[in-house]
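*Asks:*
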């Protein structure tokens, strides 16, 4: 067992790095869908916007360009989420399929615009200075940047959990989910709560795209791939649960990394087989939170 662990240490660490990225992406999608009852299929497109922003601003190894890309991605994500909140508001009482079609259409438009601007080439993005090398982990060389991603993902998980569970802002969001009419009776505009949650969720998606750019680069079709993984994560973890998003992301990160390293021919079957197994045992996911009605 120890020998197997040593032989696959790099793949295991890659699984944690992928899981951290998936958590940053999926936690916003989970909260938006699980709590605000908005199925945002444009989430992957916002991720792709962040990736291309990294291509635009990160010229060579530069912390300034990297932080600029993160700041611009955060602003664009926040504004896109706010705009999406306004567009989905008239569909609030209609079937969820209507929202899915709207956000899917937005996703296709964004992807096409990005293709017109950047073409169909595959772009790579360098790591920031000081994070481009490798460090020794139990005798194996491992990229420093990916270790940073693991730390950022875990730190963000703690921050999001504290905000949702331990602050007045989180209490307001949970109250809006539990009883929107009562919150409205107290003089609080539920539309503003929805605007804020969608804005933060979209911000996390675009920021995740920047953080992922040195690992995945930027290319057409990446938005669809990453959206599928994020949806698998939130189905496994459970809608509206920060803990579920983290556990689901780490599980899928390991399945994705070890599957492609050990049995690449059937890696996709293992991924969706894991999803099917969890749904059979726990149809609502491992840690389903309270969802909107």
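In the numbering used here, the protein residues as written are 8 to 300. Glycine included, every Cβ here is placed at the ideal spot set by N, Cα and C.
Is it buried or exposed, residue 289, if we count other Cβ atoms within 10 angstroms and call 16 or more buried?
*Replies:* With fewer than 16 Cβ atoms within 10 Å of its Cβ, residue 289 is classed as exposed.
*Asks:* Could you tell me how far apart the beta carbons of residue 234 and residue 48 are, in whole angstroms, since I believe they sit closer than 8 Å?
*Replies:* Yes, residue 234 and residue 48 are in contact; Cβ-Cβ is about 7 Å, under 8 Å.
*Asks:* May I ask you to list the residues that DSSP assigns as paired with residue 225?
*Replies:* 130, per the DSSP bridge assignment.
*Asks:* On the DSSP bridge assignment, give the partners of residue 142 in chain order.
*Replies:* Note: residue 142 sits in a beta bridge opposite 149.
*Asks:* Please report the residue range of the alpha helix (DSSP H) in which residue 44 lies.
*Replies:* Premise fails: residue 44 is in no alpha helix (DSSP H) and is neither H nor E.
*Asks:* Between the segment 50–67 and the segment 265–275, do at least 3 Cβ pairs fall closer than 8 Å?
*Replies:* No: the two stretches stay apart, fewer than three of their Cβ pairs being nearer than 8 Å.
*Asks:* Tell me, to the nearest whole angstrom, how far the beta carbon of residue 225 is from that of residue 118; I am working on the premise that it is less than 8 Å.
*Replies:* So it is not a contact: roughly 12 Å between Cβ atoms.
*Asks:* Taking just the CA atoms, how far does residue 192 sit from residue 121?
*Replies:* Whole-angstrom Cα-Cα distance: 43 Å.
*Asks:* Is DSSP giving residue 282 helix, strand or coil here?
*Replies:* If DSSP states are grouped into helix, strand and coil, residue 282 belongs with the helices.
*Asks:* State buried or exposed for residue 131, treating a residue as buried only when at least 16 other CB atoms are found within 10 Å of its CB.
*Replies:* Classification for residue 131: exposed.
*Asks:* Is the beta carbon of residue 54 closer than 7 Å to that of residue 36?
*Replies:* No; because the gap between Cβ atoms is not below 7 Å, this pair is not in contact.
*Asks:* Rounded to a whole number of angstroms, what is the C-alpha to C-alpha distance between residue 56 and residue 128?
*Replies:* In a straight line, the C-alpha of residue 56 is about 15 Å away from that of residue 128.
*Asks:* Assign residue 15 to one of three DSSP states: helix, strand, or coil.
*Replies:* Here residue 15 sits in coil by DSSP.
*Asks:* State buried or exposed for residue 283, treating a residue as buried only when at least 16 other CB atoms are found within 10 Å of its CB.
*Replies:* Burial call: exposed.
*Asks:* Could you round the C-beta distance between residue 242 and residue 292 to whole angstroms and report it? I think they count as a contact, below 8 Å.
*Replies:* Indeed, because the Cβ distance is near 6 Å, the residues count as touching under 8 Å.
*Asks:* Given residue 141, which residues of its chain have a CB within under 7 Å of its CB, disregarding the five upstream and five downstream residues?
*Replies:* For residue 141, where only same-chain residues beyond five positions count, the Cβ hits under 7 Å are 148, 149, 150 and 151.
*Asks:* Hey, which unbroken runs of the beta strand (DSSP E) at 3 residues or more fall wholly within the segment 196–220?
*Replies:* You should have found no qualifying run.
*Asks:* Whose C-alpha, out of 294, 156 and 90, is nearest the C-alpha of residue 217?
*Replies:* Comparing Cα positions, the closest option is 156.
*Asks:* Roughly how many whole angstroms lie between the Cα atoms of residue 164 and residue 249?
*Replies:* Residue 164 and residue 249: Cα-Cα distance of roughly 7 Å.
*Asks:* In chain order, what residues of the same chain have a beta carbon less than 6 Å from the beta carbon of residue 85, not counting five sequence neighbours either side?
*Replies:* 206 and 210, listed in sequence order.
*Asks:* Taking only beta-carbon atoms, is residue 253 less than 7 Å away from chain B?
*Replies:* No chain B appears in this structure, which consists of one protein chain only.
*Asks:* Express the C-alpha separation of residue 134 and residue 143 in angstroms, rounding to a whole number.
*Replies:* Looking at the two C-alpha atoms, the distance is approximately 18 Å.
*Asks:* Give me the residue from 138, 94 and 59 with the minimum Cα distance to residue 70.
*Replies:* Closest option to residue 70, Cα to Cα, is 138.
*Asks:* Taking the alpha carbon of residue 252 as the reference point, which residue from 18, 21 and 41 has its own alpha carbon closest?
*Replies:* Nearest C-alpha to residue 252: 41.
*Asks:* For the putative contact between residue 203 and residue 50, defined by C-beta atoms under 8 Å, what is the C-beta separation to the nearest angstrom?
*Replies:* With 8 Å as the limit, residue 203 and residue 50 do not qualify as a contact, their Cβ atoms being about 17 Å apart.
*Asks:* Identify, in the order they occur along the chain, each residue of the same chain with its Cβ nearer than 8 Å to the Cβ of residue 294, setting aside the five sequence neighbours on each side.
*Replies:* So the list reads 244, 245, 248, 250, 251 and 254, once near-sequence residues are dropped.
*Asks:* For residue 220, tell me which candidate among 58, 20 and 110 has the shortest Cα-Cα distance.
*Replies:* Minimum Cα distance to residue 220 is reached at 58.
*Asks:* Please list, in chain order, all residues of the same chain as residue 72 whose beta carbon is under 8 Å from its beta carbon, the five residues on each side excluded.
*Replies:* Counting only Cβ-Cβ distances below 8 Å, and skipping sequence neighbours, we find 64, 65 and 66.
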